[in-house]
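Chains as they are written, first to last, in the working numbering: chain E, 12 to 325; chain L, 12 to 325.
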C-alpha cells in the first residue's frame, strides 16, 4: 500500500478518467465559478468517494456509462460540501491552499458551493437512474441535518464520545455509505450485497474520520494542510481529545495559546493511540462486511482500503 | 383576476395538494431544519413556480403522479434560494417575517439552504424522469453563475439596463423557464411547444421581476414585506432607478438617508411607469408564445397570468 497509484486496484485507471472528465467539465463552467474549483481539485484530495462508487460497482457487473457520471457526482458533491464547510468553519486553508471563502469572500463561496451541488445532481441524473439522485440527495440531507445539530453544540467540549460518533456519522460515514450504495445499485447487486456494501462504506467512513482526527494531533501542519488545533479553536472536541481526558472549559472559544497547550497535552497522552485502536476496530468491522461478496480484484481493493485508512500517515 | 383563489385556473386545486404535501414532507424532516422552513412556507408566497409546472403540464396530457413531485421540487428549490439569498443580502425580513439567517445566524442558514436544495432534487428524482432533475439543476447553476457575476458589480449603480436584464434573467427568468420546460416535458408536448412554453416562462419571469422591482418603489414597506430602498443599500440599481436617470455615486454603500432620498426621487419620476411599460411588453411577448398551444383552460390561465404579473398591487 505504499504506492498511491495502486491504492484503488482495478478502479485506478477509471479514476484517472473520472478526474480528467471532472476537470474538463469544470473548465466549461462559467469562469466566475470554475476558477476556484479548478484550484481545489488541482490541490488533490484522496478520491476515496469516487473510488468507492467504482469498486462497489465492479463487485457486480461494471457499467461504465452509468458509473463514471455517478463517480463524478460524488466527487463534486464532496467538493461542494468543502466549499460551504470552509465558510462555516472560517478555515483559512484547505489542502494547503487558501479556501474559496478566504480568497473570494463568504458570499461568492456560498453561491459557488450551491453551483457545485447543482452540478453534482446534474451529473447524477446522467446515470439515467433516478435512484442515484435520490441516494445522493438523501445523503446530503443527512449531512446537513448533522451539521445543524453540530453547530448547536459548538464550544461544548464535554460532549460524550457518543455525540462524537453521531457527528462523524453525519459528516463522513453517510456519504461514504451512499457511494457504496450507488455503486452496488449500478453494479446490479442484490439487496443483501447492497446492504453489506453500504454498511462497509459506513464503517469505513467512521474508521477514516477517526484516523483523520488522530492525524490532526500527530501530523504537522504542513502534512495535514490545515492549522493544528483548528477543531479546538472552532469549538469541537474529537475522539483523541476525549480519550485523553483533558478538560477544556465549555461555552467559550479558547485562546490560541490554550489550544496549543491542549494539543501538546493530547499528543503526550494515550488519547491518539486509543482513538486509533477504535478506528482499527471499525476498519475490521468494515472488512467483515465483504465476506458475502464474490471474491475478485474489486473486493480485494475494498479490503485493502480498510487497512489503508487506519495506517496512512497523511 | 381579483380573486387570489382563481389565479391559476385548473391548477388551483392541484396546488393546494402540492402545498399540503410540501408541508407534510417538511414536517417529517429533522426539527432543526424543518422549523425555519415551515415558517417560511406558512408566511405564504405566490406559488407561481409550481403553478407554471402544473399549467404547462396540463397543456399536454396531465400525469399527476409525476407532475406533483416536480411542482414540489421547484417550490422547495425556490425556498432554498431565498434562504441563501437572505444570508448573502443580509436582508432582515422576508414575507414580513425575520429571515432564517436573521433568526438563527448565517452558518445554520447556509446548511438549511443546502438541505432544502438536496430535498428539492430528491423530490425531482421522484418524477422518475432524470431530465427533470437535469433541467432543475441546470437552472440552479445558471442562477448561481448570475449571482456571482452580480456580486462583482455591487455598488456600481451606473451599470446599464442590459446588465440589469442579464441580472433578472438569471435571478428570476431562468427558474420560471425551467418550470415551464419541466411541465411541458411531463405533459408530453412536442419540441416546438416545449420551446414555446419555455420562452413563455422566461418572458413571464422578466415581466414579473421588473414589475416586482417597480413595486419596491411604489408600494409601502408593509405591503412588500421587506425594507424600502433595500436594493440600493445593498448596491443594486433596478430598472425604475435606471430609467429615472438619477445618479448615485459608484463604489460605496450609500447612507440610509441618501437611499431614502433616491427612493423619493424615483417615486416622483416617470421611472416606475416607464419600467412598468417594459414589463408589459415582456408580458405581451410571453402571451404571444402561447399561440401554437392547443386552446384550453390551462392556456387561458397562462395567458391571464401574464396579465396578472404586471397589474398586481402586491
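Even glycine gets a Cβ: it sits at the ideal position worked out from N, Cα and C.
Residue i: first and last residue of the uninterrupted alpha helix (DSSP H) it sits in
i: residue 327 of chain L; result: The structure shown does not extend to residue 327 of chain L, since chain L is modelled only from 12 through 325, so no value can be given for it.
i: residue 210 of chain E; result: 202-229
i: residue 174 of chain L; result: 172-179
i: residue 282 of chain L; result: 282-299
i: residue 32 of chain L; result: 23-38
i: residue 58 of chain L; result: From DSSP, residue 58 of chain L is part of no alpha helix (DSSP H); its letter is neither H nor E.
i: residue 139 of chain L; result: Premise fails: residue 139 of chain L is in no alpha helix (DSSP H) and is neither H nor E.
i: residue 193 of chain L; result: 185-197
i: residue 44 of chain L; result: 42-53
i: residue 319 of chain L; result: 308-320
i: residue 251 of chain L; result: 250-254
i: residue 243 of chain E; result: 241-244
i: residue 10 of chain L; result: No statement about residue 10 of chain L is possible, as the shown extent of chain L runs from 12 to 325 and does not include it.
i: residue 115 of chain E; result: 111-115
Chain-order list of residues whose beta-carbon lies under 7 Å from that of residue i (same chain, five-residue window excluded)
i: residue 161 of chain E; result: 178
i: residue 312 of chain E; result: 19, 20, 21, 22 and 66
i: residue 310 of chain L; result: 70, 301 and 304
i: residue 272 of chain E; result: none
i: residue 144 of chain E; result: 132, 135 and 136
i: residue 172 of chain E; result: 250 and 253
i: residue 191 of chain L; result: 63, 67, 208, 209, 211 and 212
i: residue 45 of chain L; result: 37 and 38
Counted within 10 angstroms of its Cβ, other Cβ atoms place residue i as buried (16 or more) or exposed
i: residue 47 of chain L; result: buried
i: residue 307 of chain E; result: exposed
i: residue 100 of chain E; result: buried
i: residue 24 of chain E; result: exposed
i: residue 75 of chain L; result: exposed
i: residue 205 of chain E; result: buried
i: residue 150 of chain L; result: buried
i: residue 158 of chain E; result: buried
i: residue 203 of chain L; result: exposed
i: residue 231 of chain L; result: exposed
i: residue 3 of chain E; result: No statement about residue 3 of chain E is possible, as the shown extent of chain E runs from 12 to 325 and does not include it.
i: residue 61 of chain L; result: buried
i: residue 141 of chain E; result: buried
i: residue 125 of chain L; result: buried
i: residue 16 of chain L; result: Note that residue 16 of chain L has pLDDT 48, beneath the 50 cutoff, so the model's placement of it is unreliable and the number below is only indicative. It counts as exposed.
Cβ-based neighbour list, residue i, same chain, cut-off 6 Å, excluding 5 preceding and 5 following
i: residue 113 of chain L; result: 103
i: residue 199 of chain E; result: 71 and 72
i: residue 228 of chain E; result: 251, 277, 278 and 283
i: residue 285 of chain L; result: 254
i: residue 110 of chain E; result: 97 and 102
i: residue 244 of chain E; result: 270
i: residue 14 of chain L; result: Unreliable positioning characterises residue 14 of chain L in this predicted model, as indicated by a pLDDT of 38, which lies under 50. The coordinate reading is nonetheless provided below. If we look at residue 14 of chain L and ignore the five residues flanking it on each side, it has no Cβ neighbours.
i: residue 128 of chain L; result: 91
i: residue 120 of chain E; result: 94, 98, 111 and 112
i: residue 193 of chain E; result: 64, 81, 143 and 146
i: residue 290 of chain E; result: 218, 221, 222 and 321
Cβ-based neighbour list, residue i, same chain, cut-off 8 Å, excluding 5 preceding and 5 following
i: residue 295 of chain E; result: 317
i: residue 300 of chain L; result: 207, 208, 210, 211 and 214
i: residue 399 of chain E; result: Absent from the model: residue 399 of chain E. The displayed extent of chain E is 12 to 325, so no value can be given.
i: residue 182 of chain E; result: 154, 157, 158, 161 and 220
i: residue 195 of chain L; result: 67, 68, 70, 71, 204, 205, 208 and 209
i: residue 32 of chain E; result: 79 and 83
i: residue 26 of chain L; result: 19, 58, 61, 62, 65 and 82
Listed by chain order, chain A residues near residue i by CB distance under 7 Å
i: residue 151 of chain L; result: Here the protein chains are E and L, and chain A is not one of them.
Which residues, in order along the stretch 124-138 of chain E, keep a beta-carbon less than 9 Å from a beta-carbon of chain L?
-> Listed in sequence order: 124, 125, 126, 127, 128, 129, 130, 131, 132, 133, 134, 135, 136, 137 and 138.
Could you please tell me which residues of the stretch 83-102 of chain E, in chain order, have their CB closer than 7 Å to any CB of chain L?
-> For the stretch 83-102 of chain E, which is checked against every Cβ of chain L, the residues closer than 7 Å are 95, 98 and 99.
Flag this pair as touching only if the stretch 182-190 of chain E and the stretch 208-217 of chain E have three or more C-beta atom pairs under 8 Å; answer yes or no.
-> Verdict: yes, contact present.
Examine the Cβ distances between the stretch 81-97 of chain L and the stretch 131-146 of chain L and report whether three or more of them are shorter than 8 Å.
-> Between the stretch 81-97 of chain L and the stretch 131-146 of chain L there are three or more C-beta pairs closer than 8 Å, enough to call the two in contact.
Near-chain E residues of the stretch 260-281 of chain L (beta-carbon distance less than 9 Å), N- to C-terminal order | Taking 9 Å as the Cβ-Cβ cut-off, the stretch 260-281 of chain L has no residue approaching chain E.
Flag this pair as touching only if the stretch 53-68 of chain E and the stretch 32-48 of chain L have three or more C-beta atom pairs under 8 Å; answer yes or no.
-> At 8 Å Cβ cutoff, the stretches do not touch.
Members of the stretch 156-167 of chain L near chain E, C-beta cut-off 8 Å | Residues passing the 8 Å Cβ filter: 156, 158, 159, 160, 162 and 163.
Compile a chain-ordered list of the residues in the stretch 38-51 of chain L whose CB is closer than 7 Å to at least one CB of chain E.
-> Going along the stretch 38-51 of chain L in chain order, one finds 41, 43 and 44 with a Cβ nearer than 7 Å to chain E.
Output, in sequence order along the chain, the residues in the stretch 208-234 of chain L whose CB is closer than 7 Å to any CB in chain E.
-> Taken residue by residue, none of the stretch 208-234 of chain L has a beta-carbon sitting less than 7 Å from a beta-carbon on chain E.
What residues from the stretch 174-187 of chain E come within 9 Å of chain L, judged by C-beta to C-beta, listed N to C?
-> Taking 9 Å as the cut-off between beta carbons, none of the residues of the stretch 174-187 of chain E comes near chain L.
Using a Cβ-Cβ cut-off of less than 9 Å, list which residues of the stretch 111-125 of chain E approach chain L; keep chain order.
-> Against chain L - using a Cβ distance shorter than 9 Å - the residues of the stretch 111-125 of chain E are 115, 116, 117, 118, 119, 121, 122, 123, 124 and 125.
Taking a Cβ distance cut-off of 9 Å, strictly less, list which residues of the stretch 57-71 of chain E are near chain L, in chain order.
-> Hits within the stretch: zero.
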